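Input: a single structure, listed below in structure tokens.
In the working numbering, the protein residues as written are 68 to 483.
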């Protein structure tokens, strides 16, 4: 049983009985609203939904900056140090961040990057087990790191079990509660996990604040045809049924390739503003249709998502090599979610130079100085931008103070 308990310090807290966390999941546990809809899956083919990136492909190490003997943690720490310098972090802040990276990576972080796992990781588009991202809004900046235990040789089940164990270890850290995760764990684990990832985690360093820990879960762990039902059940357990139903009703149900649940993220925090985020991939839809679907969001500016897709990718019609994604943010204080657009960059653009020019031009149109973005890309680059392909997505939310974020692979793995 999951019970939402009022609290003076947060909008709600989850009480979870241990016996309920281990009960087997059956269709009867899933909300009937999406059971029938989620079975409408003839269009859920491998060429729809999120792309495999390097999963299923052999990769090799290639770098101008790093050596094959450098560990994953060595490379990640260098990226975080460079990113922190670009954003003006103090030396003490940098030392704290680098120490945290090594703590979070643990034993696998000391493995040599020159010996890739048999199954490439999905968290970064080059197959490495981590990705760095930068965000800018209202004159403030944020540096984030997402990571996935490579679990050599990297079977889906091993990564799932390593992810579960790591999540439980986070509970030993002050201010990192995992009750919300435990309330939905059975929905995002399986004896034979499917999909391109099982778990990955993240940490965000915010100006003037403590690091924020996050977890990312795969709603298609038991198959894409069950992703919608599992996502909805998770939202109900998390106490966010009302805003979720508002979104689902607006979309006419959340199923099929037009708006497919591909990820669920939780802030591991007791803070009032702690969020739950649902990621929907949009296959075979136009830029205008993506924009129309965002109309229910409390912070959406009509036309902004369509404009971003056109300016950055070069067209408004469907047919992107990687589908655009909308990220829906839920919290206890709001009856409808917020929305952020993820614009695909690579492989739609052939290299980082082309992607950069498109993104920088759009940022200028939005009255945002692209210089910090350019500096971040340059600082983390592992070679000339005309020879690298590290930019996964540009995330964007419009309005008087637009928000931008860019997601960068390390650039040290290439197809073998």
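Backbone N, C-alpha and C fix where the C-beta goes; we use that ideal spot for every residue, glycine too.
None of the values given here were measured: they were computed from a predicted structure.
For residue 159, the enclosing alpha helix (DSSP H) begins and ends at 158-172. Collapsing the DSSP output to three states places residue 151 in a helix. Counting along the chain, the unbroken beta strand (DSSP E) around residue 266 starts and ends at 266-273.
In this structure, DSSP gives residue 358 a helical state, which the three-state scheme calls helix. Collapsing the DSSP output to three states places residue 288 in coil. For residue 244 and residue 333, the gap between their C-alpha atoms comes out near 11 angstroms. The bridge partners DSSP lists for residue 198 are 213.
Cβ contact annotation for residue 442 (same chain, cutoff 6 angstroms, sequence separation greater than five): 153, in chain order.
Under the Cβ criterion (8 angstroms, minimum of three pairs), the region 160-174 does not count as touching the region 458-468.
Residue environment for residue 235: exposed (fewer than 16 other C-beta atoms within 10 angstroms of its C-beta). Between residue 350 and residue 424, the alpha-carbon positions lie close to 25 angstroms from each other. Taken in chain order, the complete beta strand (DSSP E) segments of 3 residues or longer contained in the region 370-448 are 392-397 and 405-411.
Secondary structure of residue 176 (DSSP, three-state): helix. Secondary structure at residue 251: helix, using DSSP grouped into helix, strand and coil. Taking the Cα of residue 341 as reference, the smallest distance to any Cα among 241, 372, 378 and 399 is reached at 399. Under the three-state reduction of DSSP output, residue 328 falls in the strand class. Beta-carbon to beta-carbon, residue 168 and residue 147 are separated by about 6 angstroms, close enough to satisfy the 8 angstroms threshold. Here DSSP, grouped into helix, strand and coil, assigns residue 223 to helix. Taking the Cα of residue 436 as reference, the smallest distance to any Cα among 159, 471, 122 and 359 is reached at 471.
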